[in-house]
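Visitor:
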Amino acid sequence: MSPIIVSTFGAFTALLLVFAISEILAKVTKGWVPSVLVIMILMLVGFSTGLFPKTIIDDAGVSDALFKVACGLLVTHLGTLISRKEMAAQWKTVIISLMGVASIAIICLTLGTALFGFDNAIAAAPPLAGGAIATAMMSSAANEAGKTSAALVAIVCLSLQGLVGYPLTSFCLKKETKRLTKLYRNGEFKASTAASEDKKDEKKKRATSTTIILLKLALITLAAYWIDYATKGYIPMYVICLLLGFAAHELKLVETDALHEASSYGFVMTALMMGLFKTLASSGTDGIASVVGIAAALVAFATVAMGLMALLASKIFKQSFFMCYAIVLNAFSGFPINMLITTEAININTEEGDERDNITAEIMPKMLVAGFVCVTIVSVLLAGILVRFL
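Just so we're aligned, residue 49 is where the sequence shown starts under our numbering, counting upward by one.
What follows is the structure, given as structure tokens:
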């Protein structure tokens, strides 16, 4: 093995190169090729060919301890991303999103359990409902329980969901923007004027710094750990992190979008993503091949289940089926992919000016709130509950 790769700096640089290639491909293909899928493939190629040592992630300095710290800080940070008022203004979207996540949990825990076993089914549900953080929680818990197959199912589900979610979300949004554009041009549509949270208070900057913001997040995470310890895990730590982060943000004890304010989000997220793929080192291509069929089937089941739930939601809330389906499909994408797909659909089907502005004001808040609910809140809560059964 080359000493360049084995060295700490070489290992870290090699991993960053993998991540950079995945991001470039995702941007070039406008998200049609999910970056997580590219990372998984490149890491598997590296491990199977011997280009990457099995210890490359540890060699890069991403220890299990750093992975846990990154996960705790990120979950706490998620609670600072949106206010109670913003959630209330989009209450229908919130409920539709919850219905979508419920459909994923139900199909995984029933049909998924019957076909693929309980461990694989519960490991898949949170990743399918959300993103990297929920996946990290489930794969970590599965590995600690010695259930490597379940950990791989979680990772592969995360990698495959975008292949279905991105084009299907784009199709739904194009249908919805065409419908709204037709109504607008006929004078039958006016965008909702639900006011978003006024962030003027946030502009009044308090004396702060990267260190102070990170300290606040660390203290909240530590408090969550103490509560988890005191209750003997009755309330999972990451659920407490999310709730305490949200409460601290509402009380203005911590800044909105805290890790970005601390200029630390990119590094912390990168550390989490690096740690997430450590399981691939021991599993290899044979391990992945053994669960690809399971993960693909669960993704397909979840897609159908969300479609049926979107149909039900459209009847209940008197919204179009395509808008409801796009909302629940945020479970397969989330920010920023949902914003990019929405912007593309609107730009293709509308003319610049008031028409585009009105339709953007109608659709974009729904997609952003849905992404936050699915990927940020509910998937983490679901993971926090289901990890106890692994």
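For each residue, glycine too, the CB sits at the ideal point set by N, CA and C. In this text, all values refer to a predicted model and were calculated from it rather than measured experimentally.
Could you tell me the boundaries of the alpha helix (DSSP H) in which residue 282 lies?
Guide: Along the sequence shown, read from residue 1 onward, the residue named residue 282 stands at position 234. From DSSP, residue 282 is part of no alpha helix (DSSP H); its letter is neither H nor E.
Visitor: Which first and last residues belong to the alpha helix (DSSP H) in which residue 222 is found?
Guide: Residue 222 sits at position 174 when you count from the first residue of the sequence shown. Unbroken alpha helix (DSSP H) run through residue 222: 196-233.
Visitor: Out of curiosity, what's the CA-to-CA distance linking residue 9 and residue 410?
Guide: Nothing can be reported for residue 9, as the shown portion of the chain is limited to 49 through 438.
Visitor: Checking 7 Å against the spacing of the C-beta atoms, do residue 202 and residue 171 come in under that value?
Guide: Sequence index remark: in the sequence shown, residue 202 carries index 154 (1-based). Sequence index remark: in the sequence shown, residue 171 carries index 123 (1-based). For residue 202 and residue 171, yes; Cβs fall inside 7 Å.
Visitor: Run the CB neighbour count on residue 309, radius 10 Å, all protein chains shown included, and call it buried at 16 or more, exposed below.
Guide: In the sequence shown, counting from the first residue as 1, residue 309 sits at position 261. Burial call: buried.
Visitor: Buried or exposed: which applies to residue 77, given that a residue is buried once 16 or more other Cβ atoms fall within 10 Å of its Cβ?
Guide: Taking the first residue of the sequence shown as position 1, residue 77 is located at position 29. Answer is exposed; the Cβ neighbour count stays below 16.
Visitor: Alpha carbon to alpha carbon, how far is residue 218 from residue 391?
Guide: Within the sequence shown, the letter at position 170 stands for residue 218. Within the sequence shown, the letter at position 343 stands for residue 391. Straight-line Cα distance between these residues: approximately 10 Å.
Visitor: Taking contact to mean at least 3 C-beta pairs separated by less than 8 Å, is the region 115-129 in contact with the region 391-405?
Guide: Judged by Cβ distances under 8 Å, the region 115-129 makes no contact with the region 391-405, as fewer than three pairs qualify.
Visitor: Does residue 259 pass the burial test, meaning 16 or more other C-beta atoms within 10 Å, or should it be called exposed?
Guide: Against the sequence shown, residue 259 aligns to sequence position 211. Residue 259 is exposed by the Cβ-count criterion.
Visitor: Tell me which residues share the same chain as residue 191 and place their Cβ nearer than 7 Å to its Cβ, disregarding the 5 neighbours each side in the sequence.
Guide: Position 143 of the sequence shown holds residue 191. If we look at residue 191 and ignore the five residues flanking it on each side, its Cβ neighbours are 199 and 327.
Visitor: I'd like to know whether the C-beta atoms of residue 223 and residue 370 end up nearer to each other than 7 Å.
Guide: One-based indexing of the sequence shown puts residue 223 at position 175. One-based indexing of the sequence shown puts residue 370 at position 322. Going by C-beta atoms, residue 223 is nearer than 7 Å to residue 370.
Visitor: Please report the residue range of the alpha helix (DSSP H) in which residue 124 lies.
Guide: Along the sequence shown, read from residue 1 onward, the residue named residue 124 stands at position 76. Where residue 124 is concerned, the enclosing alpha helix (DSSP H) stretches over 112-126.
Visitor: If you pair each beta-carbon of the region 284-296 with each one of the region 148-155, do three or more pairs fall below 8 Å?
Guide: No, the region 284-296 does not touch the region 148-155.
Visitor: In chain order, what residues of the same chain have a beta carbon less than 6 Å from the beta carbon of residue 220, not counting five sequence neighbours either side?
Guide: Within the sequence shown, numbered from 1, the residue matching residue 220 stands at position 172. So the list reads 370, 373 and 374, once near-sequence residues are dropped.
Visitor: When you compare only the Cα positions, how much space is there between residue 234 and residue 408?
Guide: Here residue 234 is taken as the residue at index 186 of the sequence shown, counted from 1. Here residue 408 is taken as the residue at index 360 of the sequence shown, counted from 1. Rounded to the nearest angstrom, the two C-alpha atoms are 17 Å apart.
Visitor: Note down, in chain order, each residue of its chain lying with its Cβ closer than 7 Å to the Cβ of residue 55, except the 5 sequence neighbours on either side.
Guide: Stepping through the sequence shown from its first residue, residue 55 is reached at position 7. For residue 55, where only same-chain residues beyond five positions count, there are no Cβ hits under 7 Å.
Visitor: Under the three-state reduction of DSSP, which class applies to residue 174: helix, strand or coil?
Guide: By 1-based counting over the sequence shown, the position of residue 174 is 126. Helix at residue 174.
Visitor: Beta-carbon separation of residue 413 and residue 138 under 7 Å?
Guide: Position 365 of the sequence shown, counting from 1, holds the residue named residue 413. Position 90 of the sequence shown, counting from 1, holds the residue named residue 138. The answer is yes: Cβ separation under 7 Å.
Visitor: Which residues in the same chain have their Cβ closer than 7 Å to the Cβ of residue 312, if we skip the five residues on either side of it in sequence?
Guide: In the sequence shown, the residue the question calls residue 312 occupies position 264. Result list for residue 312: 258 and 262, in chain order.
Visitor: Look at the alpha carbon of residue 404 and the alpha carbon of residue 266, and state the distance between them as a whole number of angstroms.
Guide: Position 356 of the sequence shown, counted from the first residue, corresponds to residue 404. Position 218 of the sequence shown, counted from the first residue, corresponds to residue 266. Each residue's alpha carbon lies about 42 Å from the other.
Visitor: Under the rule that 16 or more other beta-carbon atoms within 10 Å means buried, what is residue 225, buried or exposed?
Guide: The count along the sequence shown starts at 1 and reaches residue 225 at position 177. Result: buried.
Visitor: Have a look at 283, 165, 268 and 112 and flag the residue whose alpha-carbon is nearest the alpha-carbon of residue 324.
Guide: Translated into positions along the sequence shown, residue 324 becomes position 276. It is 112 whose Cα lies nearest to the Cα of residue 324.
Visitor: Less than 7 Å between the beta carbons of residue 354 and residue 178, yes or no?
Guide: Position 306 of the sequence shown holds residue 354. Position 130 of the sequence shown holds residue 178. Going by C-beta atoms, residue 354 is not nearer than 7 Å to residue 178.
Visitor: Starting from residue 323, follow the alpha helix (DSSP H) in both directions and report where the run begins and ends.
Guide: As a first step, residue 323 must be located in the sequence shown, where it is residue number 275. Note, residue 323: alpha helix (DSSP H), 313-324.
Visitor: Let me confirm a value: residue 293 is counted as buried when at least 16 other C-beta atoms fall within 10 Å, else exposed. Which label applies?
Guide: Taking the first residue of the sequence shown as position 1, residue 293 is located at position 245. Its Cβ being crowded by 16 or more others within 10 Å, residue 293 is buried.
Visitor: Go ahead and label residue 72 buried or exposed: buried means 16 or more other beta carbons lie within 10 angstroms of its beta carbon, across all protein chains shown.
Guide: Residue 72 sits at position 24 when you count from the first residue of the sequence shown. That one is exposed.
Visitor: On the criterion of 16 or more Cβ atoms from any shown chain inside 10 Å, does residue 346 qualify as buried, or is it exposed?
Guide: For the purposes of this step, residue 346 is taken as residue 298 along the sequence shown, with counting starting at 1. Under this definition residue 346 is a buried residue.
Visitor: For residue 281, I'd like the list of residues in its chain whose CB is within less than 8 Å of its CB, leaving aside the five on either flank, ordered along the chain.
Guide: Your numbering for residue 281 matches position 233 in the sequence shown. Closer than 8 Å at the Cβ level, and outside the excluded window around residue 281, lie 436.
Visitor: Looking only at C-alpha atoms, which of 342, 105, 185 and 128 sits nearest to residue 166?
Guide: Locating residue 166 in the sequence shown gives position 118, counting from the first residue. Taking only the C-alpha atoms, the option nearest residue 166 is 342.
Visitor: Distance, Cα to Cα, residue 109 vs residue 70?
Guide: Stepping through the sequence shown from its first residue, residue 109 is reached at position 61. Stepping through the sequence shown from its first residue, residue 70 is reached at position 22. C-alpha separation (whole angstroms): 21 Å.
Visitor: If we count the other Cβ atoms within 10 Å of its Cβ and call it buried at 16 or more, is residue 338 buried or exposed?
Guide: Your numbering for residue 338 matches position 290 in the sequence shown. Residue 338 comes out exposed.
Visitor: Please name the residue, chosen from 299, 57, 74 and 269, that lies closest to residue 107 on a Cα-to-Cα basis.
Guide: Along the sequence shown, one-based indexing puts residue 107 at 59. The residue with the shortest Cα to Cα distance from residue 107 is 57.
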